[in-house]
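Student:
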Amino acid sequence: MQLPSLSELNLGLTVPALSLALWACILLVIDLFIPRDRKSVTAWLAAGGVVFAFIANLLVYRDPGVAFMGLFVADEFAGFLNIVVLLTAFIAILMSVDYLKRTGIERGEYYVLLLMTTSGIMFMNSANDLAVVFIALELLSIPLYVLAAFRAPEERSEEAGLKYFILGAFASAFFVFGAALIYGATGSSSLPVIVDAVGRALAGEGSSLLLLLMGSGLILAGLGFKVAVVPFHMWTPDVYEGAPTPVTAFMSVGAKVGGFAALLRILLVALPALTVAEGDAVAGWQTATWVVAALTLILGNIVAISQTNIKRLLAYSSIAHAGYVLMAVAAAGTPGVSDQATRAALIYLMAYMFTNLGAFAVAMAIEKDDGSGTSLDDFKGLGRSRPLLAAIMAVFMLSLTGIPLTAGFVGKWVVFQATIEAGLYTLAVIGVLTSVISAFYYVRVIVNMFLEDGEGDPAAAATPYVQWAIYLTFAGTLVLGIIPSLVTNLSGPVALAVASLVP
Amino acid sequence: MEFNIHSIVFLIFSVITLGGGLGTVTSRNLIHGAVYLIVSLFGVAGLFILLSAPFLAAIQVLVYIGAIAILIIFAVMLTRSMTRMTEIYNRQWSLSLVVSALLFVLLLVGIILPVWGPGTANAALQPSELVATTVDLGVAFVDGNQFVLPFEVASLLLTAAMIGAIVIARDRD
Amino acid sequence: MEATGLSLVTVVLFLPLIGFAIMLFMNERTQAGAIRWTALGFSVLTFLLSLGLWALYNPDDPGLQLVQRINWLPDYGISYYVGVDGLSLLLVILTTFIMPVAILASFRSHIFEERGREKLYYLFMMLLEWAMIGVFVVQDLVIFYVFWEVTLVPMYFLIGIWGAEQRIYAAVKFFLYTMAGSILMLLAILYVGINAGTFALPEIIAAIQTGALSFPFDGLFSTQGLLFLGFLIAFAIKVPIWPLHSWLPDAHVQAPTAGSIILAGVLLKMGTYGIVRFCLPLFPEASVAWAPTIATLGVIGIIYGAWVSYAQRDMKKLVAYSSVSHLGFVVVGIFALNAAGIEGGILQMVNHGVSTGGLFLIVGMLYERRHTKAMEAFGGVWKALPLFGAVSLVIVLSSMGLPGLNSFVGEFTILMGTLGSNILGFVFALFATLGVILAAVYMLYFYQKVYMGELDKEEIRNLEPLHWSEKAALVPVLIAIFLIGLQPAPFFRSMDASVDALVRHVDESVPEVVVGNLQMPE
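Residue numbers (the working numbering), protein chains in the order written: chain P, 3 to 505; chain X, 3 to 175; chain C, 79 to 600.
Okay, here's the thing in structure tokens:
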């Protein structure tokens, strides 16, 4: 047996993800020697790991390649999403430092778990084999279950962790079953190999085609749980509300990034031939994602209207935003548009990352130590008592609505453009109309802050690190909105498709 | 498919697996449920043997029955009050029934048709003749050509799960 | 015509933003006066520089002038692309003209005593001016959409923070209505841009002229018809064309005085301007096919607006509905699709901005003094403040369309265009004329109720005389009213070439309908 040499494994390409995981393990040990009242040192060490991974990722970004003989791809797609995820992790750490202290749950394991889940997402971004996708999915999820329950004796947090765990386990089961069916139909779990087998199945008797479709349907469902699209969204509001706010912020972006990365890669690299129905009764995944995207947009936006808690509101809004990304996924199903649509999804995720993290950071700034104070009424009068914070929150809300000169507009713009180019006009119209609906509840936050007078105590001042998180996300939101070419250039070479597409 | 000893054994193990599973979810006594689970897991081990994977079968018995199921029974017995619990928590069981029945039929169609459907006899994948040994498995895990990456990530995963379990379970201070 | 050097248009566009940046660093408590004067100073400077645009502008060239173009998102064919031509020049000047008036009108407002946050107010004013100028000068569809949406935000806050009792309702309604319309336009813009490969309007129109690009048209709801509607609905909500007007009375009544002036003076014109700038040249066949329908809605708006105005007892509502009526005129003029109609339409946009802006100004002054907008609370104002009464009379007469004043010129030209149009014709002109008569009825009714009569109310006798800032706000309005009314020729001259080119473009695209090219009366 000829084992490949180390150099053939291209370990260098895996440094960003691997270093973070290793650093998490080391940090676990270091944390033992950090006195209990100085756990912020752990936070800074964790942030240092993230920065290191970020730099390593930038170094790998322009020099893509394949590691572990094809199981792991370090291409621009993964590199771009790694940037998004690492920024998310960094901002989440900034948000956590004071929050953990003032809510009395400051423990070093928190940061270790955060780094673990981050590395899981990065593995997912690069996974080129169904087995790796699955393991990475678990590495993403399990620390998140624990983090959601991190305020544990507190009931809502426990409920959040439990709910997320059970439904997440279900989702994983779906995914594994789907992967098994696809393996059964094609005889391989490697995405580039699957694509040939799919071609053969389409050309041949069509026997294993049904298996393939069932498999991809189950995979779609499993990942749909992770990114919280309708009808797999039920867990989102409760979990988002119950989990500690920085964790909610992290998973509202991180888990989605990982899920969409796997979704796009599996659909575009392994199953591009199954996009649209051709003649017979085979429903392609473009139709499936189309329908799911439409449902998600409609339900997410409509239910968000009636929310009275900012965390629940952002939960439903995050469902809706998953719908917009899914629009891009559906658009990617049209041959010839897939590169552009992939870019659109990535740019959208980047824009959403800044804006959503910022909105959560503001929500956290006004949250009280016991976790209360996050109802929409608590925003009343904020424009008077904390004008700067309120103004920044207003920009985040406008960005989530998609008003120009903010990141949200650029994201929506590229997604709509891809959708129209793909010829999915009805979906584009649905996307646009639901954007109007979304304006209704985002604007209500602004109304509460500036136009209503508050009762009771003005919100406490945000702690310094949270302020840094807010400024960082605010800058990101504006810069991306005003000079979008920074990001569109970065995502320029992103392309997701194996060269040998089967007709 | 022709009727031979192979298929008879398959049927028996299937019945054990499915029956055990059904018992697990329907029995109202937690201890009984755990015992049914063991039965079901045993049936799965039998299926693994049929699929020429003796190592997996052994693991199935050792880990799932020997460790996990026993752990569950211990846990149930240590939290005594739970053993007598017979309430039904889920008020939406009727809806769940419909959904799961639909899903089941869908999967049934999706799996049976491709393998035994019309005109598919030659297209169906032949079962592997290779008997996977422990050596094969071990090599597959550490071979750079195969699954070394998922294997390593899985170890990370277990670390994370362990940390998580400890974080959740330990006393608050 | 590509230019990369700094254009005066860019300077005019970004001057308010510079003012914004400077004011951002001023202290609200210690420098309130300075903030006010900075806002006024920058708006006046912008106005003067925009007059410079006119001076540099060559009226014989139908194309864009003073162009500047910088790539913004080259991958997607989007660029910062500004310039002025005959269609936009006057509207840019209208914007920069209205802003100092609106700012002066805010100098002595009581709203800051109640609501405070004076700095924020002037910041939003500067932001609004920037965005409005942007709408008129930008030639790239995407950037146009950007500015179009950005105007929403400051106006939303102006109404929502400094408005009357039901300000929140009005602000949210304004926001949602306008956004709902414009987002459909976004889709249409995307479709057009993707098919053209660029979002630069002049390039798209050139491609349509050479036949390199065409949107299939075979009926009102064909591809081109739907695209036309996508744009038109956004504009129609802004104008507002009946029956999409229901946000306007609320917004007007609740907005602070300056907000109403800007809303009536400039924001509504963005809609009619958009029709001329985008709908007509991009979708000529659809424009011709839809013209009778839209013009009919315009006529309904004229009569309906006038009728409802007459029924109002609230001064601001009266003026608000009169806007619906007046802008109906503009819509009819535009869809006459000949030079007279369109030029009259554009001039009437300016006129309405000046006259109705003036009306809101005087209503605001009355409101400042009596804290009510009900007409019964007044009467005999003429006797108390004769100068104010006389100035108000001029503005009211201007709004009615009295010959010699500005609106007459615009309305007359529109009627000429409508009569000479092969698409609309006599019946439309007839009903539009009816609107002119009704306008006289409700405006005179308003004037009689408020200004005439005996001085029998104590409060009216003691009305506070005009503050210098209020006088200063009224003077430019009066000048504009007389200037346009007595010397309309240079205004028409500035539009001639561009409008002719536009009409010819529509004419050539739709050979089967000769829309005619009625010349201007001198």
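Using N, Cα and C, we set each Cβ at its ideal position, and we do this for glycine too.
1) State the Cα-Cα distance for the pair C:A551 and C:Q146, rounded to the nearest angstrom.
2) I'd like to know if P:L212 contacts chain B, where contact means its C-beta is closer than 8 Å to some C-beta of that chain.
3) Give a yes or no on whether 8 Å exceeds the smallest Cβ distance from P:I137 to chain X.
4) By DSSP, does C:I156 sit in helix, in strand, or in coil?
5) Is the number of C-beta pairs between the region 179 to 194 of chain P and the region 209 to 222 of chain P that are closer than 8 Å three or more?
6) Should C:P566 go down as buried or exposed, given a rule of 16 or more other Cβ atoms within 10 Å for buried?
7) Determine whether the Cβ of X:L20 lies closer than 8 Å to any Cβ atom of chain P.
8) How would you list, in chain order, the residues of chain X whose beta-carbon sits under 8 Å from the beta-carbon of P:V134?
9) Bridge partners for P:V75 per DSSP, in chain order?
10) Could you give the distance in angstroms between the alpha-carbon of C:H430 and the alpha-carbon of P:V255?
11) Report all residues from its chain with a CB closer than 7 Å to the CB of X:A47; omit the five preceding and five following residues, and keep chain order.
12) Taking the Cβ atom as the reference point for each residue, do P:L474 and P:I85 lie within a distance shorter than 8 Å?
13) Would you mind sorting P:S308 into buried or exposed? The rule is 16 or more other CB atoms within 10 Å of its CB.
14) Would you say X:A103 lies against chain P (beta-carbon separation less than 8 Å)?
15) Let me confirm a value: X:Q94 is counted as buried when at least 16 other C-beta atoms fall within 10 Å, else exposed. Which label applies?
16) Any beta carbon of chain P sitting closer than 8 Å to that of C:A258?
17) Give the interface partners of C:I261 over in chain P, defined as CB-CB distance under 8 Å, in chain order.
18) Exposed or buried, what is C:G259 when buried is set at 16 or more other beta-carbons lying within 10 Å of its beta-carbon?
19) Tell me whether P:L426 sits in a helix, a strand or coil according to DSSP, three-state version.
20) What is the C-beta distance between C:A249 and C:H330, in whole angstroms, given that I count them as a contact (C-beta under 8 Å)?
21) What ranges does the alpha helix (DSSP H) occupy inside the region 398 to 426 of chain C, keeping only unbroken runs of at least 4 residues that lie completely in it?
22) Going by C-alpha distance, which of C:K394, C:P294, C:L262 and C:G155 is nearest C:A278?
23) So what does DSSP say about C:G161, is it helix, strand or coil?
24) Do you know offhand how far P:K258's Cα is from P:K382's?
25) Helix, strand or coil: which one does DSSP assign to P:V192?
26) Give me the chain C residues within the contact set of P:L407, using Cβ-Cβ distance strictly less than 7 Å, ordered along the chain.
27) Using 8 Å for Cβ pairs, my map puts C:P294 next to C:T288. What's the rounded Cβ distance?
28) Go ahead and pull the three-state DSSP assignment for P:A129.
29) Measure the C-alpha to C-alpha separation of P:I221 and X:A36 and round it to an integer number of angstroms.
30) Would you give the residue range spanned by the beta strand (DSSP E) that X:R30 belongs to?
31) Taking P:Y63 as the reference, which of P:N358, P:Y427, P:N127 and P:V339 has the closest Cα?
32) Ends of the beta strand (DSSP E) at C:Q143?
33) Between the C-alpha atoms of C:Q143 and C:P362, what's the straight-line distance to the nearest angstrom?
34) According to a CB-to-CB cut-off of less than 7 Å, which residues of the region 409 to 432 of chain P neighbour chain C?
35) Got a sec: is the Cβ-Cβ distance from P:P248 to anything in chain C below 8 Å?
36) Between the alpha carbons of P:P110 and P:T120, how many angstroms are there, rounded?
Tutor: This is what the structure holds:
1) 33 Å
2) Looking for chain B here will not work: the only protein chains present are P, X and C.
3) yes
4) strand
5) yes
6) buried
7) no
8) L151, P152 and V155
9) P:V68
10) 50 Å
11) A59, Q62 and V63
12) no
13) exposed
14) no
15) exposed
16) yes
17) V434, L435, S437 and V438
18) buried
19) coil
20) So it is not a contact: roughly 12 Å between Cβ atoms.
21) none
22) C:G155
23) strand
24) 31 Å
25) Checking the sequence shown, residue 192 of chain P turns out to be Ser, not Val. Correct three-state label for P:S192: strand.
26) V224 and V228
27) The pair is not a contact, with the Cβ atoms about 17 Å apart (cut-off 8 Å).
28) strand
29) 30 Å
30) Counting along the chain, X:R30 falls outside any beta strand (DSSP E), and DSSP gives it neither H nor E.
31) P:N127
32) Q143 to L151
33) 23 Å
34) F418, Q419, I422, E423, A430 and V431
35) no
36) Here residue 110 of chain P is Gly; the residue named in the question, Pro, does not match the sequence. In a straight line, the C-alpha of P:G110 is about 16 Å away from that of P:T120.
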